[in-house]
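Here is the structure we will look at, set down as structure tokens.
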Amino acid sequence: MACLGLLLLVSIVTSACIACLAHNDDAPPPDCHRQSGLRLQAPFQPGLITLDGLSSDWASVSGQSFVPLQAIKPDPAQPYASGPLNIKVVHDGHDVYFLLTFPGPFEFTQGDKHKCPSIALMFGIGDDATYNNMGGCDQNPDACSSVSCEGHAVDLIHFSIGDAIPGRLYGANAYDNANSTGKDSIGSLNDMYGWNPHCRYFDGLLPNGSNIPNSGAQNDWQGAWSHSSMDLTYGLTSSDSPYSASGAQGVFTFEFVRPLRTSDRFQQDVQFTIGNTHRFMAAIWFPVNHVPWVNYQHYTASCDWIPLDVEPSRKLTQNNSLSVISGVTLLFSLGALVASATVCWWTRSRRLVPFQAIEMS
Ligand SMILES: *[C@@H]1O[C@H](CO)[C@@H](O)[C@H](O)[C@H]1NC(C)=O
Ligand SMILES: *[C@@H]1O[C@H](CO)[C@@H](O)[C@H](O)[C@H]1NC(C)=O
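In the numbering used here, each number is its position in the sequence shown, counted from 1, plus 1063.
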């Protein structure tokens, strides 16, 4: 019966998907033959991930390794020097989770994001949104609008960790969401949208900085970070900053979560659907050799959109409708058996009582 219950439950569950992107400021599209067959799969894995900036709970999930190259001039001879970027994605039917890990010496300067590593994710929203030039809308900043750049919208998140305590959540907070913007004024994990590298804005804000009335905009993300050289056993507070020794070798871990769907009404958030493939990109900024990074200096995981499949539950797709139908049939047969036994017993006991009563009187 437990088995049948599970089958029925599984038959109710269906499928979803995700999208993404990156950028090259006005440069021609780079040669994109360096890594072929890159793809990310987000399996259905409910109850597995704690959003704590640590990766041990992801051990059973398979990921994809990327060689991060400079976004502006991707030169395979000059990758991000410390090693590959590994990305894993899962969903639980409601939220989608991202894990990014990459080796690197510990670099952190409280309050100065350019002296800390920083991460961005990009997703394609509009049909015509290209990876190259962050959506590829051919307009100057003063001419960008949802009309002039229609179809080029990309969804962006950017996490600058200079004010973020390792292992704690940043992103969505009541203070900023009350204003209907994607800004995170506490931890700088901002939810943004854009049409090209010069036309990037917080969700809910117009290019001129005004709030969009009734935009439905929120910061829908949460994220956390850590470095393997830290001792996180008892939790950290801001008084522990800088949290580890400068230059300590180890691995940076970034974790993000967002609901598959959001309340956005202006094409500022990608909307994920189970069973669909979305367009994705990830980027790293890093103060290599203690040199603060500048905005255009970032490494991207690839030089074109990475397809991201949001997978349906495997139990549903493998056992498919045949097992569900035979499960339901078996359930009905069992029900019929129990019902006939009950009717038998009931009629027998009804018949016996009056018979005995007559005998005794
Ligand atoms: C919310 O909006 C008000 C009015 O525009 C502004 O004064 C305030 O600073 C905003 N709050 C945040 C957190 O941005
Ligand atoms: C920004 O643009 C909107 C729509 O075009 C307009 O209603 C608003 O007044 C503008 N805000 C400012 C501060 O110029």
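Cβ atoms here follow ideal geometry from the backbone N, Cα and C, with glycine treated the same way.
Taking 7 Å as the cut-off, is the C-beta of Asn1271 nearer than that to any heavy atom in ligand 2? A heavy atom of ligand 2 is found nearer than 7 Å to the CB of Asn1271.
Please return the same chain residues whose Cβ sits closer than 6 Å to the Cβ of Asp1346, not counting the five positions on each side in sequence. It is Ala, not Asp, that sits at residue 1346 in the sequence shown. Closer than 6 Å at Cβ, skipping near neighbours: Ala1085, Ala1183, His1361, Thr1363.
How many angstroms separate the CA atom of Ala1168 from the CA atom of Asn1277? Per the sequence presented here, residue 1168 reads as Pro, with Ala not at that position. Cα to Cα, Pro1168 sits roughly 44 Å from Asn1277.
Report the option in Asn1259, Lys1246, Asn1236 whose CA atom is closest to the CA atom of Val1217. Asn1259
Measuring only the C-alpha atoms, how far is Asp1303 from Ile1228? Distance between the alpha carbons of Asp1303 and Ile1228 is about 9 Å.
Do Gly1245 and Phe1265 have their C-beta atoms within less than 8 Å of each other? yes
What whole-angstrom Cβ distance do Val1333 and Leu1114 have, given they're in contact under 8 Å? About 19 Å separates the two Cβ atoms, so there is no contact after all.
One question on the structure: do Thr1340 and Pro1370 come within less than 8 Å of each other, judged by their Cβ atoms? yes
Taking only runs of the beta strand (DSSP E) that begin and end inside the segment 1184 to 1238, which ones reach a length of at least 3 residues, in chain order? If we require 3 residues or more, the beta strand (DSSP E) runs fully inside the segment 1184 to 1238 come out as 1217 to 1223.
When the Cα atoms are used, what is the spatial distance from Arg1342 to Leu1400? 52 Å
Local Cβ density within 10 Å of Asn1149, reported as buried at 16 or more and exposed below that: buried
Cys1366, enclosing beta strand (DSSP E) - first and last residue: Premise fails: Cys1366 is in no beta strand (DSSP E) and is neither H nor E.
When the distance is taken between beta carbons, is Val1130 closer than 8 Å to Pro1147? yes
For Val1357 and Glu1170, what's the separation of their Cα atoms in angstroms? 15 Å
Distance, Asp1190 Cα to Ala1105 Cα: When the Cα atoms are used, Ala1105 and Asp1190 turn out to be separated by approximately 22 Å.
Assign His1221 to buried or exposed, taking buried as 16 or more other Cβ atoms, counted over all protein chains shown, within 10 Å of its Cβ. Buried.
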